[in-house]
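Student: Before I ask anything, here is the structure I am working with.
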Amino acid sequence: MIPVLHSYFRSSTSFRLRAALNLKGIETEYRAHHLRLGEQRSPGYLKLNPQGLVPALELPDGTVLTQSMAIIEYLDETVPEPPLLPKEPVARAQARAMAQMIACEIHPLNNLKILTYLKTEFGAGEEAVAVWFRHWVAETFAPLESLLANRPVAHAYCCGDTPGLADICVVAQVTNNKRFAVDMMPYPVISAIYERCMELPAFQKAAPANQPDAE
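UniProt numbering applies: residue 1 is where the sequence shown begins, and numbers increase by one.
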């Protein structure tokens, strides 16, 4: 038996986990839950994940893991190679901080349920929602770009010469940005890291367009 990945092609959090699984070489069974149709709130899925969110990883023994960042760290602890976090404690903290700038600062404000709420409860139109999205990206991408541009060593990836947790978060976010016409010109280092990652098969395979449920 292999793990079951509960996913949605366009979900950036699912993209993160798909990339991590591919980097680790872990095969999964893919099960799609269409977020815009509310399939993540079906009784069957809520039994697996009461939050009704994707991704979730259902292990062969029936254990269900939720929250992309927690699952990725689980993978790093149970399948150590290749590592997704640096070995040295300070470097690990710095890598986690970069990843959490996206996972904790941008994503919670710009995920589908928030954007939908802006439309249904406050009457926001498509352009207003896009302005909201771009604003919160800029609030974090500007300092993240500064951090990356001023690293003591200009590594190929965020925290080293191989892609890791921070890069996974960057790639998923930049991919999402394209749907909302985020101007990436102010972020040349972030853009270069994104392009470098997307040259790798693990990220290409994880991309939304390459999922079984892609529309």
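For each residue, glycine too, the CB sits at the ideal point set by N, CA and C.
#1: Taking DSSP's pairing of strands, which residues face Val64 in a bridge?
#2: Let me check understanding here. Comparing Cα to Cα, which of Gln94, Val4, Arg134 lies closest to residue 218?
#3: Quick one: is Thr78 buried, meaning 16 or more other Cβ sit within 10 Å of its Cβ, or exposed?
#4: Would you call the segment 98 to 111 and the segment 168 to 179 in contact, with 3 or more CB pairs under 8 Å?
#5: Could you check whether Tyr74 and Leu65 sit closer than 7 Å to each other, using their CB atoms as the reference points?
#6: Quick one: is Phe133 buried, meaning 16 or more other Cβ sit within 10 Å of its Cβ, or exposed?
#7: Assuming residue 252 and Val189 are in contact, meaning their beta carbons sit under 8 Å apart, how far apart are those beta carbons, in whole angstroms?
#8: Just curious, the beta strand (DSSP E) that Glu145 is in, first and last residue?
#9: If you measure between the beta carbons of Ile72 and Glu29, is that distance less than 7 Å?
#10: Would the beta-carbon of Pro163 fall within 7 Å of that of Cys197?
#11: Going by CA-CA distance only, name the one from Leu23, Gln40, Ala124, Glu27 that's closest to Glu81.
#12: For Gly160, I'd like the list of residues in its chain whose CB is within less than 7 Å of its CB, leaving aside the five on either flank, ordered along the chain.
#13: Can you name, in chain order, every residue of its own chain whose Cβ lies under 7 Å from the Cβ of Phe141, other than the five neighbours on each side?
#14: Using CA coordinates, which residue listed in Tyr8, His6, Glu27, Glu127 is at the minimum distance from Ala202?
#15: Could you spell out the range, first to last residue, of the alpha helix (DSSP H) harbouring Ala206?
Tutor: Result, derived from the coordinates:
#1: In the sequence shown, residue 64 corresponds to position 64, counting from 1. Val64 pairs with Glu58.
#2: The first residue shown for the chain is 1 and the last is 215, placing residue 218 beyond what the model contains.
#3: Within the sequence shown, the letter at position 78 stands for residue 78. When all chains shown are included, Thr78 counts as exposed.
#4: yes
#5: Position 65 of the sequence shown, counting from 1, holds the residue named residue 65. Position 74 of the sequence shown, counting from 1, holds the residue named residue 74. Yes, these two residues count as a Cβ contact at 7 Å.
#6: Here residue 133 corresponds to residue number 133 of the sequence shown, with the count starting at 1. Buried is the call here.
#7: Since the first residue shown for the chain is 1 and the last is 215, residue 252 is missing from the structure and cannot be characterised.
#8: The residue labelled residue 145 in the question sits at position 145 within the sequence shown. Per DSSP, Glu145 belongs to no beta strand (DSSP E); it is in the alpha helix (DSSP H), 126 to 149.
#9: Mapped onto the sequence shown, residue 72 falls at position 72. Mapped onto the sequence shown, residue 29 falls at position 29. In this structure, Glu29 does not lie closer than 7 Å to Ile72 by Cβ.
#10: To locate residue 163, count along the sequence shown from 1; it is residue 163. To locate residue 197, count along the sequence shown from 1; it is residue 197. Yes; because the gap between Cβ atoms is below 7 Å, this pair is in contact.
#11: Here residue 81 refers to the residue found at position 81 of the sequence shown. Residue nearest to Glu81 within the set Leu23, Gln40, Ala124, Glu27 is Leu23 (criterion: CA-CA distance).
#12: For the purposes of this step, residue 160 is taken as residue 160 along the sequence shown, with counting starting at 1. Setting aside the 5 residues that flank it on each side, Gly160 is surrounded in the same chain by Pro86, each with a C-beta closer than 7 Å to its C-beta; the list follows chain order.
#13: For this step, residue 141 is matched to residue 141 along the sequence shown. These residues qualify, in order along the chain: Tyr187, Ile190.
#14: Residue mapping note: residue 202 aligns to position 202 of the sequence shown, counting from 1. Residue nearest to Ala202 within the set Tyr8, His6, Glu27, Glu127 is Glu27 (criterion: CA-CA distance).
#15: Along the sequence shown, read from residue 1 onward, the residue named residue 206 stands at position 206. Taken as a continuous stretch (DSSP letters only), the alpha helix (DSSP H) holding Ala206 covers 201 to 206.
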